[in-house]
Structure formats: C-alpha cells, structure tokens
Amino acid sequence: MFIPFFFILLYNRDRVGISAFIAPCDFFFPDANAGSGRSDAADWIRTAYHDMATHNVNDGTGGLDASIRFAEEQSRPENIGDGFINNTINVLGANRYVSIADTIALAAVMAFENCGGPEISYRGGRVDADGPNTPGVPEPQDSLDSHIAAFARQGFTQTEMISLVACGHSFGGVQHSLFPDVVPDLNDTTNRLSVQHFDSTFVTFDNKVASEYIAGTTGNPLVVGLNDTKNSDKRIFGSDGNATMLSFANSPELFASTCASLIARMVDTVPRGVELTEIITPLPFKPANLQLILDGDNMVFTGDFRVWNTTDTSLVVMMLYDDHAGATHNTTLAPRRLGTSFAINARYGAAWYGLDSFTFDGVAGIKNMRFSVNGKLEDQDGIGFAVQDSVLFSQSSCLFSPHPVSARIDIAVRNGVNPSRIYLEHATTDSTGRPTVIETDIAPPTQPIAANSAYSIWSHNLTDNLFYTIGAEINGAKISTWANNAGIFHSCPT
Ligand code: HEM
-17 MFIPFFFILL YNRDRVGISA FIAPCDFFFP DANAGSGRSD AADWIRTAYH DMATHNVNDG
43 TGGLDASIRF AEEQSRPENI GDGFINNTIN VLGANRYVSI ADTIALAAVM AFENCGGPEI
103 SYRGGRVDAD GPNTPGVPEP QDSLDSHIAA FARQGFTQTE MISLVACGHS FGGVQHSLFP
163 DVVPDLNDTT NRLSVQHFDS TFVTFDNKVA SEYIAGTTGN PLVVGLNDTK NSDKRIFGSD
223 GNATMLSFAN SPELFASTCA SLIARMVDTV PRGVELTEII TPLPFKPANL QLILDGDNMV
283 FTGDFRVWNT TDTSLVVMML YDDHAGATHN TTLAPRRLGT SFAINARYGA AWYGLDSFTF
343 DGVAGIKNMR FSVNGKLEDQ DGIGFAVQDS VLFSQSSCLF SPHPVSARID IAVRNGVNPS
403 RIYLEHATTD STGRPTVIET DIAPPTQPIA ANSAYSIWSH NLTDNLFYTI GAEINGAKIS
463 TWANNAGIFH SCPT
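Going by our numbering, the first residue of the sequence shown is number -17, and it counts up by one from there.
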C-alpha cells in the first residue's frame, strides 16, 4: 500500500512530514497506541543500514540507493520482517526534489537526532537504484569472520563494526514473531508485539546498550538470546576483548561522537559515481509552500515562513518585497504554529509564520523578498530570496466538469519574458517507484490575450486530471511553480 504524503499531513495535524512518525519516539505506524514494543524510529535506522549493507567498496556497487524498496530484496532472508515497507519507505514522502534514498537517509538521521542522539551531518544527492542490489546484509547466525568480512566489504573496520552495531542497536530489538528461537513470547501487554529490546531504553539513544552489556545486566536478545548460534552481538561486541564496548560504557560522550561520525558515513555510503552535496544545514529563516497566483490586476500570495531554533510565536515577522518598478513594500506575517520536533521531543525548535491570500498589485509584481524578525534583517547576506513571477497560474482558469475532468488552465506569462517553452508538469513515479515528472508542452496562443497590462494568457484544455504545476524554459533555465493548482479551479461561467 502506498500512503501519499497528504495522508501524513492529515494523520497528525500538528506534526508534519517525517517528524510525525517520531513524535513521540515510541510512535509505531499503524499500531499507534503506546506499548506496541516497536517504533518507526528503530525501523528507519534498520532500513538505512539494510539498504546500505549491499555496498561493495571494491567494485563500487550497492549502497544507500533505496534498492531495499524492491520486493525481491525484501523477500530475502537477510531482510526478514515488515519494517521496510508500510511504516518506512511508503510514508517518507520522496518527491521530484528529494530521492527515496535521500529520504531514507534523512529519516535515519532524524530518528537519531530527535530521539536523544547526537547531531549527524546530512548530505543530499543520493540516486535511486533501478533494480535490486546483490545480497549482502549480515545475519545473526553468520560467523564472526563473515561479519568482519561483510563490514570490510561495506567499508568499515572491525572496531567500526562493533561501534556501528552498538549505535544501531541502541534502538529497537528482536521480534518474537520473526525469531521465535531467539525471543520467547513475552506475554506482556506493555510490549504487545513481543519485541525483546537491545537495551532498557529502546526508543532513546544513549550508551545503555554498552553499559548494560559491560555490567552483565543486558537483556540484548543477540547477546543473551535463547539460541547461542544467533548471538551475533555477543560475538561482535566481544571480538576485541570488549575494549570498544568498555570505552562506550565509560563515556556516553565518546559513544555519541562515534555514532555521529559512523551513522553519517553509513548514510553517505553510496554507489560509485553518485556525488553527494555539501553538508546541508537548516536555513535560519526559510520560506516554504509558496503559491503566487495572478487574479486580474492583482497578485495573490500564500506562503509559510519558518524561523529556526526558536519556540517564540510572538516574534514580529515582516516580509519586505521589491516590485519590478523598484519600489519596496512590506507586510506582517501571522504566527501559525510551532515546529514538530520541538513540541514533542525538545530537540530542535522552529516557529512558523505565514501569509494567506495576501493581495498586492499584480502589474508591479514581485522580484525579491527578505524578512525582518523583531527588527533584524534576514536576507541571506544581501541575496534575499528571489521570487519568480514570470510564469504563474491565472485565477481565470476554470473547471467545466470534475468527472470526467474537463477544465481550462490559464497560464499568465509576464510580457517581455519570452519563454522558449511553456509546459505542464505532472509529478508521478516511474515503473520502479522513482519520482519523475512528465512534461506536456503548451502551444503559444495564436492571438495575444491580455490578462492585464503586464501579463498575457496561454490556455490549455485539461481532460485527464488537474494535478499540474507549470514549467517554463527562459534563457536556457528551467523554472517551475511550486504547488499544483488542483484545488483552486473555479467553475467555468455557464
Ligand atoms: C552483524 C550485523 C547485524 C546483525 C546480525 C543484526 C541483526 C538484527 C536482528 C536479527 C534484528 C531483529 C529484527 C526484527 O526482529 O525485526 C535487528 C534489529 C535492528 N537492527 Fe540490526 N543487525 C546488525 C547490524 C545493525 C546495524 C549496523 C544497524 C544500524 C546502524 C542495525 C540496526 C538495527 C535496528 C535499529 C534494529 C531494530 C529494529 C526494530 O526494532 O524494529 N543493525 N538487527
């Protein structure tokens, strides 16, 4: 079952995106009531590892490339369990701008960071595989030598193997239903799915996986499990005479910093040839979900604005914007809500402000915006935030009939812009589930149709669906509107 992104928004209205599934950290979809014994945070971390673990440093194949989404890979014994589908990949919300592999990496990083773990560097740019990778995920019954060899093939030394397994196994546990020879039926109403956890804090990152192991009090089912052949953590943790685990037990800080570096390396292990971006950090002030519509002589602007690292919803946030005539205007944004993660897990704070249908002179238009937060200018060191008003949805678009779809989309093109192409973009997925965009060219009008003194209209009849964004090529560069306009078609006059 594919769960579309809008479902996530509705599922937990005050928590959006990936965050909705780690707030709180014992949240487990679809069994959202506390006490399931499982958590999405743990499944995201395991998913990232299993996806990466096919990597071969020698030939450059495999790595974190979302090949785990293929049924063939999921059906292998090394990928036992249902944690790679409905509560992970299908809810992550990849889109034309973010690959599935990037969302897998991001979800794992967020699970660590929001559930007590260290800050982990995040890069983008992963490319989704077009088929399953060669098998390569270690299994608990494998020998120590085979584990050392598997981690070496993935690019990690023996000490790094011990560390990475400890980092991952700070979360979650082993399920009775999958490993009845390792975990008995726990018969516990506070752990309904009978998951024997790796440490006593299975939804929180801390060094208990090491301190309980060293103290001899661990309940880790891969150390003290019923079937010693499958006690892989016991063999791995003890493989250097417990030196690494002892150092982690003695120093939560060392454990945290080691995991920060190894988890970053784990999610950055990608097939040869894939180039990742520089480390991405949150913008201190970020516009999002912007929609600009031409309505006759007016422009209608709706958008959200995030102020990072605050929980203050009483800031005075103003948008300053420049029009095409060189004049600067301003308007005050309304507070909306607090960001997801802070509200629940108290890690990162963000406050959202916004504009709803802010109307201004559509002929003068808008070229650039910047913000003032309690009087302090936020303009990206003078660059500001460019706004494209060259090609946009016109409110004159209208719907003849919803079923079957019959509508006319009117695209407003700013005079003097001279696009070489205008097209509709339909965001969809290819046969392997990768996000892709189908472009449909629109013919220029035979006679110019003025929307106002600054814009002309290109029209196109829609007969399949309304879910389009508008794209254009202008001076060799591609631009695109952000939101699809399906919800805002008026009925056509009869
Ligand atoms: C030799 C290497 C490894 C072996 C043999 C191994 C084995 C296992 C097994 C048998 C489970 C139980 C799965 C289930 O019952 O759902 C498990 C769970 C888990 N593993 Fe590993 N693992 C290894 C390495 C790693 C690494 C390197 C990470 C991440 C850095 C990781 C993260 C996890 C997580 C988070 C869970 C909990 C999943 C949940 O609770 O739903 N594992 N592992």
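We treat Cβ as the ideally placed atom computed from N, Cα and C, and that holds for glycine.
In the DSSP output, which residue or residues are listed as bridge partners for residue 317?
Note: residue 317 is bridge-paired with 335 in the DSSP secondary-structure output.
For residue 457, which of helix, strand or coil comes out of DSSP?
For residue 457, the three-state secondary structure derived from DSSP is coil.
Just verifying my parser: in three-state terms, what is the DSSP assignment at residue 273?
The answer is strand: DSSP assigns residue 273 an E or B state.
Where the beta strand (DSSP E) containing residue 296 begins and where it ends
Where residue 296 is concerned, there is no enclosing beta strand (DSSP E), because DSSP gives it neither an H nor an E.
Where does residue 390 fall in DSSP's three states?
Three-state result, residue 390: strand.
Quick one: Cα of residue 385 to Cα of residue 339, how far?
Rounded to the nearest angstrom, the gap between the Cα atoms of residue 385 and residue 339 is 28 Å.
Tell me where the beta strand (DSSP E) around residue 404 begins and ends.
Annotation: the continuous beta strand (DSSP E) that includes residue 404 extends over 403 to 411.
For ligand 1, is there a heavy atom less than 6 Å away from the beta-carbon of residue 63?
Residue side-chain check: residue 63 places its Cβ nearer than 6 Å to a non-hydrogen atom of ligand 1.
Could you tell me if residue 421 is buried or exposed, where buried requires 16 or more neighbouring beta carbons within 10 angstroms of its beta carbon?
Residue 421 is exposed by the Cβ-count criterion.
Going by Cα to Cα distance, which pick from 319, 435, 343, 294 is closest to residue 309?
For residue 309, the nearest C-alpha among the options comes from 343.
Mind checking residue 359: buried by the 16 CB within 10 Å criterion, or exposed?
With fewer than 16 Cβ atoms within 10 Å of its Cβ, residue 359 is classed as exposed.
Is the separation between the beta-carbon of residue 266 and that of residue 290 shorter than 7 Å?
Result yes, Cβ atoms of residue 266 and residue 290 sit closer than 7 Å.
Residue 352, enclosing beta strand (DSSP E) - first and last residue:
Residues 350 to 355.
For residue 101, collect the residues of the same chain with a Cβ closer than 7 Å to its Cβ; drop the 5 residues on either side in sequence, then sort them by chain order.
For residue 101, the CB contacts under 7 Å within the same chain, skipping 5 residues up- and downstream, are 95, 242 in chain order.
Quick check: what's the CA-CA separation for residue 168 versus residue 180?
When rounded, the distance between both Cα atoms is 14 Å.
Other residues of its chain near residue 434: CB distance less than 8 Å, five sequence neighbours each side excluded
Taken in chain order, the residues that qualify are 276, 278, 279, 344, 345.
Using a Cβ distance threshold of 8 Å, determine whether the region 173 to 188 contacts the region 140 to 160, with at least three qualifying pairs required.
The way I'd put it, the region 173 to 188 does touch the region 140 to 160; three or more beta-carbon pairs between them come closer than 8 Å.
Taking the alpha-carbon positions, what's the residue 53 to residue 444 distance?
Taken atom to atom, the span from the alpha-carbon of residue 53 to that of residue 444 is near 35 Å.
With burial defined as no fewer than 16 other Cβ atoms inside 10 Å of the residue's Cβ, what is the status of residue 253: buried or exposed?
Its Cβ being crowded by 16 or more others within 10 Å, residue 253 is buried.
Three-way DSSP call (helix, strand, coil) for residue 16 in this model:
The answer is coil: DSSP assigns residue 16 none of H, G, I, E or B.
Would you mind sorting residue 84 into buried or exposed? The rule is 16 or more other CB atoms within 10 Å of its CB.
Around the beta carbon of residue 84, a 10 Å sphere encloses 16 or more other beta carbons of the protein chains shown; the residue is thus reported as buried.
According to the Cβ coordinates, are residue 376 and residue 471 closer than 7 Å?
Between residue 376 and residue 471, the CB-CB gap reaches or exceeds 7 Å.
Measuring only from the beta carbon, is residue 237 closer than 6 Å to any heavy atom that is part of ligand 1?
No, the Cβ of residue 237 stays beyond 6 Å of every heavy atom of ligand 1.
Quick one: what's got a C-beta closer than 6 Å to residue 325's C-beta in the same chain, skipping five residues either side?
Any reading at residue 325 is ruled out, since the residue's pLDDT is 46, under 50, leaving its predicted position unreliable.
Quick one, are the C-beta atoms of residue 87 and residue 46 less than 7 Å apart?
Residue 87 places its beta carbon less than 7 Å from that of residue 46.
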